[in-house]
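Student: The structure's right below; bear with me while I get my questions together.
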Amino acid sequence: MLIGLLGAVRDPFRPVAPELVPLLSPTNVLRPFPSRVPAFPFTPLEQALQQVGHLEAGLAAVEAGCDALVIDSLGDYGLAALRAATALPVFGPGEMGMAAAAAGGRRFGIVTVWPRSMNFIPEALLHLYGHGTACIGIANVGAEAELDRLAGPDGYLAQVREGASAVLDAIAVAIADMADRGAEAVLLGCTCMSPLAAALVARAAIPVINPLASAVSAAAGAGVWAGGERVIARPGRPDLVKRMVEGVADEPAEDCPVCAVASNVGE
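Structure, rendered in structure tokens:
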């Protein structure tokens, strides 16, 4: 079974992220399909651009023969468009993670490494998926200044990915605070936090939901594509999307145009 991971960086020298391996059978292959839109979603403007970038990545995954698609972002970029374009099952970490956090009527909180200015992304999804009343709040571990130093070996995302003690401690404190406020579970607010999930689970008194793992698990459970028409978009639409993206694909990439956890995922 071939699962396309949309928005992930292709790096053939890295194995599948360790925390995702138990979710996959020996016959499952997780293959990255990068977004070619080099815009980090600082605001709804860039978010709209990434919707198109992830749609184009998904269409490439469909063409490559994938059996299921997973969006590598809590923001579920392009999810609705992809479901309108392909008959393949498409899973968003935002949708799947929030459903897992709210399972059984639980109240939950979101803890994210991103600053408050980016809360528009999970807030919109809470409303879209009907979990607004179940979520008691969003805790932002990251400061606004972190957005200016995302990339590089010493950048903020490298610290998150590698589990820097200061970052890990701050997230653990935020999770404990959510529990004190009445949360019965916590959703990690970015797929770039996936490598930290096991360490955070071990330190938490309440369930900690890894949204990327939730989506990958659902995709693996969908099984091999049974056959039939894979593309259900109007004729010519996939080519139109591809030509739109090609117009910006050669632009310089901004810091973290895709989620950092992708660097842990290879073919």
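Here the sequence shown is numbered in our numbering, starting from 356 and rising by one per residue. Where a beta carbon is used, it is the ideal one built from N, C-alpha and C, also for glycine. Nothing here was measured: the structure is a model prediction, and the numbers come from that model.
In whole angstroms, what separates the C-alpha of residue 520 from that of residue 405?
Tutor: 31 Å
Student: For residue 622, which three-state DSSP category applies?
Tutor: Residue placement at residue 622 cannot be trusted, given a pLDDT of 32 that sits under 50; what the coordinates show is reported in the next sentence. In the structure shown, residue 622 sits in coil (DSSP, three-state: anything other than H, G, I, E or B).
Student: Rounded to the nearest angstrom, what separates residue 582 and residue 397 at their Cα positions?
Tutor: 39 Å
Student: Output the boundary residues of the beta strand (DSSP E) element that contains residue 365.
Tutor: Neither: residue 365 is in no beta strand (DSSP E) and is coded neither H nor E.
Student: Can you look up residue 595 in the DSSP assignment and give me helix, strand or coil?
Tutor: helix
Student: Report the three-state DSSP secondary structure of residue 391 (helix, strand or coil).
Tutor: coil
Student: Would you call the segment 448–460 and the segment 570–578 in contact, with 3 or more CB pairs under 8 Å?
Tutor: By the Cβ rule, the segment 448–460 counts as touching the segment 570–578, because three or more pairs are nearer than 8 Å.
Student: Report buried or exposed for residue 564, applying the criterion of at least 16 other Cβ atoms within 10 angstroms of its Cβ.
Tutor: buried
Student: So the candidates are 462, 601, 603; which of them puts its Cα closest to the Cα of residue 535?
Tutor: Distance from the Cα of residue 535 is smallest, within the candidate group 462, 601, 603, for 462.
Student: How many angstroms separate the CA atom of residue 360 from the CA atom of residue 401?
Tutor: Taking C-alpha positions only, residue 360 is separated from residue 401 by approximately 20 Å.
Student: Where does residue 423 land, buried or exposed, given buried means 16+ other C-beta within 10 angstroms?
Tutor: Counting every other CB atom within 10 Å of its CB across the protein chains shown gives residue 423 a total of 16 or more, marking it as buried.
Student: Which of the three DSSP states is assigned to residue 419 in this structure?
Tutor: coil
Student: Report the residue from 357, 590, 558, 548 whose alpha carbon sits nearest the alpha carbon of residue 466.
Tutor: 548
Student: Leaving out the 5 sequence neighbours to the left and right, which residues in its chain are closer than 8 Å to residue 374 when beta-carbon positions are compared?
Tutor: So the list reads 549, 550, 552, 553, 565, 568, once near-sequence residues are dropped.
Student: Would DSSP call residue 459 helix, strand or coil?
Tutor: helix
Student: Along the chain, where does the beta strand (DSSP E) containing residue 528 start, and where does it finish?
Tutor: Note, residue 528: premise wrong, no beta strand (DSSP E); alpha helix (DSSP H) at 520–535.
Student: Leaving out five residues before and five after residue 357 in sequence, what residues of the same chain have Cβ atoms less than 7 Å from its Cβ?
Tutor: For residue 357, where only same-chain residues beyond five positions count, the Cβ hits under 7 Å are 384, 386, 420, 421, 422.
Student: Return helix, strand or coil for residue 545, following the three-state DSSP convention.
Tutor: DSSP places residue 545 in coil when its eight states are reduced to three.
Student: Please look up how many angstroms separate the CB atoms of residue 441 and residue 592, rounded, as I've assumed it's under 8 Å.
Tutor: 11 Å between Cβ atoms; not a contact.
Student: Can you tell me where the alpha helix (DSSP H) holding residue 476 begins and where it ends?
Tutor: Here the alpha helix (DSSP H) through residue 476 covers 475–483.
Student: Rounding to the nearest angstrom, what Cα-Cα distance links residue 559 and residue 544 in this structure?
Tutor: 16 Å
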